[in-house]
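Q: Quick note, this note's numbering runs 1027 ahead of the 1-based positions in the sequence shown.
Glycine residues also receive a C-beta, built at the ideal position from the N, C-alpha and C atoms.
Mind having a look at this structure? Questions to follow.
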Amino acid sequence: MRFLKYLKKINKISYPITLLEDAKINFKYKKMLDCVKMLCHAAISFYLKKLNVKDDITINVRHLKSKIIGGNVELGKKTQNKHVYSLNLDLTMGYKCLLGMIAHELTHIKQIHQKELYLDDSQVVWKGQPIMNIENYKKKICRSRKAHDDLPFEVEAREKENSLLNSFLNSTELKNLKGKDASLTYIINYL
Ligand SMILES: [Zn+2]
């Protein structure tokens, strides 16, 4: 409890968030602590580089109030055409889980951005092949966890999730954040 009070106190100071050259990352959740913003910002920048997403994109991070899923990316016409992505995350989860979740969801952003995954008028298209119609897709992912997990773009996101997370945890980018902010240093030491 005392530590939480301390965290709240020191987080009243606001820190400048350095932006990636190309990607614009906006945090839309007002209650998000600055140290968590810095951590998420560093992870998003790192993953985008690893995933080879270099173009001009905007990522809006929002808090997802769901007890069922930890994160998602919205896929729709606006996202596909304007390169503006909504990254929704359950920001109450543990930091390591959160960093893994970001890696997973950014793999989906990469898939959408590189047009590997998109929606045409009625179909979900993966790597040039229509894989199912949109209505079926909605039904399928609601009906069973396994059906969702077996989708090819989910298989790729799960594979990338662990390797991206591990390289971020061992990265100089993460180590360089230590010492910049007391609560962030504390978080990194216990990741
Ligand atoms: Zn997924």
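Leaving out five residues before and five after K1051 in sequence, what residues of the same chain have Cβ atoms less than 6 Å from its Cβ?
A: If you number the sequence shown from 1, residue 1051 lands on position 24. Taken in chain order, the residues that qualify are T1085.
Q: Within 7 Å: the Cβ of E1162 and any heavy atom of ligand 1?
A: Taking the sequence shown and counting its residues from 1, one reaches residue 1162 at position 135. Checking the Cβ of E1162 against ligand 1 gives no.
Q: Less than 8 Å separating the beta-carbons of V1088 and K1055?
A: Taking the first residue of the sequence shown as position 1, residue 1088 is located at position 61. Taking the first residue of the sequence shown as position 1, residue 1055 is located at position 28. Contact flag set, yes.
Q: With hydrogens ignored, establish whether the beta-carbon of A1184 is closer than 7 Å to any heavy atom of ligand 1.
A: Here residue 1184 is taken as the residue at index 157 of the sequence shown, counted from 1. At least one heavy atom of ligand 1 is nearer than 7 Å to the Cβ of A1184, so yes.
Q: Once DSSP output is grouped into helix, strand and coil, what is the label at T1119?
A: The count along the sequence shown starts at 1 and reaches residue 1119 at position 92. Note: T1119 maps to coil in three-state DSSP.
Q: What residue from Y1112, G1127, N1216 and V1182 has the CA that sits closest to C1067's CA?
A: Taking the first residue of the sequence shown as 1, we reach residue 1067 at position 40. Nearest C-alpha to C1067: G1127.
Q: Using a Cβ-Cβ cutoff of less than 7 Å, which residues in the same chain neighbour Y1220 once the five nearest sequence positions on both sides are dropped?
A: There is no way to answer for residue 1220, as the model of the chain reaches only from 1028 to 1218.
Q: Tell me which residues share the same chain as K1104 and place their Cβ nearer than 6 Å to its Cβ, disregarding the 5 neighbours each side in the sequence.
A: Looking up residue 1104 in the sequence shown gives position 77. None.
Q: Compare the C-alpha of M1059 against each of A1130, D1082 and H1090 and name the closest.
A: Counting from one through the sequence shown, the residue named residue 1059 turns up at place 32. With distances taken between Cα atoms, M1059 lies closest to H1090.
Q: Sorted by chain position, which residues of the same chain lie with C-beta nearer than 7 Å to L1218's C-beta, five sequence neighbours on each side aside?
A: Locating residue 1218 in the sequence shown gives position 191, counting from the first residue. Closer than 7 Å at Cβ, skipping near neighbours: Y1122, K1123 and L1196.
Q: Measuring only the C-alpha atoms, how far is D1083 from A1070?
A: Sequence index remark: in the sequence shown, residue 1083 carries index 56 (1-based). Sequence index remark: in the sequence shown, residue 1070 carries index 43 (1-based). If I take the Cα positions, the gap works out to 17 Å.
Q: With 16 as the cutoff for other CB atoms within 10 Å, does S1093 come out buried or exposed?
A: In the sequence shown, counting from the first residue as 1, residue 1093 sits at position 66. That one is exposed.
Q: Which of helix, strand or coil does DSSP assign to Q1138?
A: For the purposes of this step, residue 1138 is taken as residue 111 along the sequence shown, with counting starting at 1. In the structure shown, Q1138 sits in a helix (DSSP, three-state: H, G or I).
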